[in-house]
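Novice:
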Ligand SMILES: NC(=O)c1ccc[n+]([C@@H]2O[C@H](COP(=O)([O-])OP(=O)(O)OC[C@H]3O[C@@H](n4cnc5c(N)ncnc54)[C@H](OP(=O)(O)O)[C@@H]3O)[C@@H](O)[C@H]2O)c1
């Protein structure tokens, strides 16, 4: 197939493009600058510079490429640090998820593109009542914290528009797998606390596993929605201490919810205390997807484990001096 990947130079795109090429597909991938386009051309794809918010340019690019399939992986989340003003931080991504999706769907229709797959999100999306782990059939949270309401609506729009057009929505878990993973750095610096009882459940996914599911989804008929998450959704009180242990950091601090709300805002408190995780049963069953890292425990350990210090280094202070 000829696959058009919008947002091919990002965290997921750079994992997806080589996997598509390995599978024998021809790939045209977009980036927003000639510099980032090099991440697309390096593995052997054709790279083009495209702003997804320029609907006319999107139309021209898709009509020129005449792909069999389109994958929408464009977000604008690089350097994201402010989760307190959630909607402000996600404003450009929200536009990519609404206007960008509309532009791609319109161009796909005109060019007769048969397959359409788009990036959505699973963790902290589902209704905050009942069981800790939700399937695609469960309702989404209808009471998104005020600061993240526009972001929730943008994702809900994407989740509706793509299946209505016959496409597939992939609700990815929280990505990890970058060598300089922001979450890992934050845990290392002890800046990610357990909030309240730490009951908020997170679903993680290794970037390579997310890319593998995306390749399989492209070879599948839509419309459909799949959670693309690992086998082990976990509450913050479980995953945070374990990730801290793996990366050799001090154990996380504990903040009461009222204090975390002041510093980090309502959306972060919700994620840390009440959010639900997602089940991957449907993606495994229908896509035949097998995970290389079925649990974040293995994935984080494989990637970020701090090597044990050699015996001499471990005891740098003479035993008698410690007394
Ligand atoms: N599920 C998740 O947990 C999740 C999902 C997405 C991102 N993230 C995280 O967010 C961080 C940043 O993500 P990222 O590295 O993928 O970067 P990003 O800034 O979110 O960019 C993603 C892709 O979208 C493209 N893009 C940005 N603006 C665009 C526009 N107006 N038109 C067309 N394409 C556009 C980017 O191109 P350029 O490279 O040229 O900017 C890139 O190819 C990473 O740590 C990632 O893991 C997490």
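Numbering (our numbering), first residue to last: 1 to 323.
Even for Gly, the Cβ is constructed at its ideal location relative to N, Cα and C.
(1) Report the residue from 180, 290 and 275 whose alpha carbon sits nearest the alpha carbon of residue 305.
(2) Look at residue 157 and residue 210 and say whether their C-beta atoms are less than 8 Å apart.
(3) Sorted by chain position, which residues of the same chain lie with C-beta nearer than 6 Å to residue 255's C-beta, five sequence neighbours on each side aside?
(4) Report the partner residues of residue 85 according to the DSSP bridge assignment.
(5) Say whether the segment 183 to 193 touches the segment 276 to 284, bearing in mind that this needs 3 or more beta-carbon pairs closer than 8 Å, one atom from each stretch.
(6) Indicate the three-state DSSP secondary structure (helix, strand or coil) for residue 7 in the structure shown.
(7) Go to residue 39, then tell me how far its alpha helix (DSSP H) extends in each direction, as first and last residue.
(8) Give a yes or no on contact between the segment 88 to 99 and the segment 108 to 117, applying the rule of three or more CB pairs nearer than 8 Å.
(9) Within 10 angstroms of its Cβ, does residue 134 collect 16 or more other Cβ (buried), or is it exposed?
(10) Could you compute how far the alpha carbon of residue 165 sits from the alpha carbon of residue 207?
(11) Return the CA-CA distance between residue 324 and residue 86, expressed in angstroms with no decimal places.
(12) Is residue 13 near ligand 1, with its Cβ less than 7 Å from a heavy atom?
(13) Relative to the alpha-carbon of residue 5, which residue among 177, 216 and 62 has its alpha-carbon at the smallest distance?
(14) Inspect the beta-carbon positions of residue 120 and residue 174 and report whether they are closer than 8 Å.
(15) Buried or exposed for residue 218, going by 16 or more other Cβ atoms inside 10 Å?
(16) Closer than 7 Å to a non-hydrogen atom of ligand 1 - does that hold for the CB of residue 96?
(17) Name the residue from 289, 25 and 249 whose alpha carbon lies nearest to the alpha carbon of residue 227.
(18) Taking 7 Å as the cut-off, is the beta-carbon of residue 226 closer than that to any non-hydrogen atom of ligand 1?
(19) Got a sec, what are the start and stop residues for the beta strand (DSSP E) residue 170 sits in?
(20) Name the DSSP bridge partner or partners of residue 120?
(21) Might you give, ordered along the chain, the residues of its own chain that have their beta carbon closer than 6 Å to the beta carbon of residue 330, omitting 5 neighbours on each side?
(22) Taking contact to mean at least 3 C-beta pairs separated by less than 8 Å, is the segment 149 to 156 in contact with the segment 50 to 70?
(23) Go ahead and label residue 223 buried or exposed: buried means 16 or more other beta carbons lie within 10 angstroms of its beta carbon, across all protein chains shown.
(24) In whole angstroms, what is the alpha-carbon distance linking residue 41 and residue 15?
Specialist: On the basis of the supplied data:
(1) Taking the chain shown and counting its residues from 1, one reaches residue 305 at position 305. Taking only the C-alpha atoms, the option nearest residue 305 is 180.
(2) As a first step, residue 157 is located in the chain shown; it is residue number 157 there, counting from the start. As a first step, residue 210 is located in the chain shown; it is residue number 210 there, counting from the start. No, they are not a contact pair.
(3) Walking along the chain shown from the start, residue 255 turns up at place 255. Excluding residues within five positions, the ones whose Cβ falls inside 6 Å are 193 and 195.
(4) Here residue 85 refers to the residue found at position 85 when the chain shown is read from its first residue. Per DSSP, none; premise fails for residue 85.
(5) A contact is defined here as three or more CB-CB pairs under 8 Å, and the segment 183 to 193 fails this definition with respect to the segment 276 to 284.
(6) Position 7 of the chain shown, counting from 1, holds the residue named residue 7. Correct three-state label for residue 7: coil.
(7) Residue mapping note: residue 39 aligns to position 39 of the chain shown, counting from 1. Its alpha helix (DSSP H) spans residues 34 to 41.
(8) no
(9) Sequence index remark: in the chain shown, residue 134 carries index 134 (1-based). With 16 or more other Cβ atoms within 10 Å, it is buried.
(10) Walking along the chain shown from the start, residue 165 turns up at place 165. Walking along the chain shown from the start, residue 207 turns up at place 207. Answer to the nearest angstrom: the Cα atoms are 26 Å apart.
(11) Residue 324 is absent from the structure shown; the chain starts at 1 and stops at 323.
(12) By one-based count along the chain shown, residue 13 stands at place 13. Correct: residue 13 has its Cβ closer than 7 Å to ligand 1.
(13) On the chain shown, position 5 is the one that residue 5 refers to. Closest in alpha carbon position to residue 5, among 177, 216 and 62, is 62.
(14) Within the chain shown, residue 120 is the residue found at index 120, counting from 1. Within the chain shown, residue 174 is the residue found at index 174, counting from 1. Taking 8 Å as the Cβ cut-off, residue 120 and residue 174 do not qualify as a contacting pair.
(15) Along the chain shown, one-based indexing puts residue 218 at 218. Per the 10 Å Cβ criterion, buried.
(16) Residue numbering aside, residue 96 sits at position 96 when the chain shown is read from its first letter. Judged by the Cβ position, residue 96 qualifies as a neighbour of ligand 1 at the 7 Å threshold, a heavy atom of the ligand being closer than this.
(17) Here the question's residue 227 lines up with position 227 in the chain shown. It is 289.
(18) On the chain shown, position 226 is the one that residue 226 refers to. No, Cβ of residue 226 sits at least 7 Å from all heavy atoms of ligand 1.
(19) As a position in the chain shown, residue 170 is number 170, starting the count at 1. Start and end: 168 to 172.
(20) Along the chain shown, read from residue 1 onward, the residue named residue 120 stands at position 120. Beta-bridge pairing links residue 120 to 171.
(21) The displayed coordinates of the chain run from 1 to 323. Any statement about residue 330 would go beyond what the structure contains.
(22) no
(23) Position 223 of the chain shown, counting from 1, holds the residue named residue 223. With fewer than 16 Cβ atoms within 10 Å of its Cβ, residue 223 is classed as exposed.
(24) Within the chain shown, numbered from 1, the residue matching residue 41 stands at position 41. Within the chain shown, numbered from 1, the residue matching residue 15 stands at position 15. Straight-line Cα distance between these residues: approximately 13 Å.
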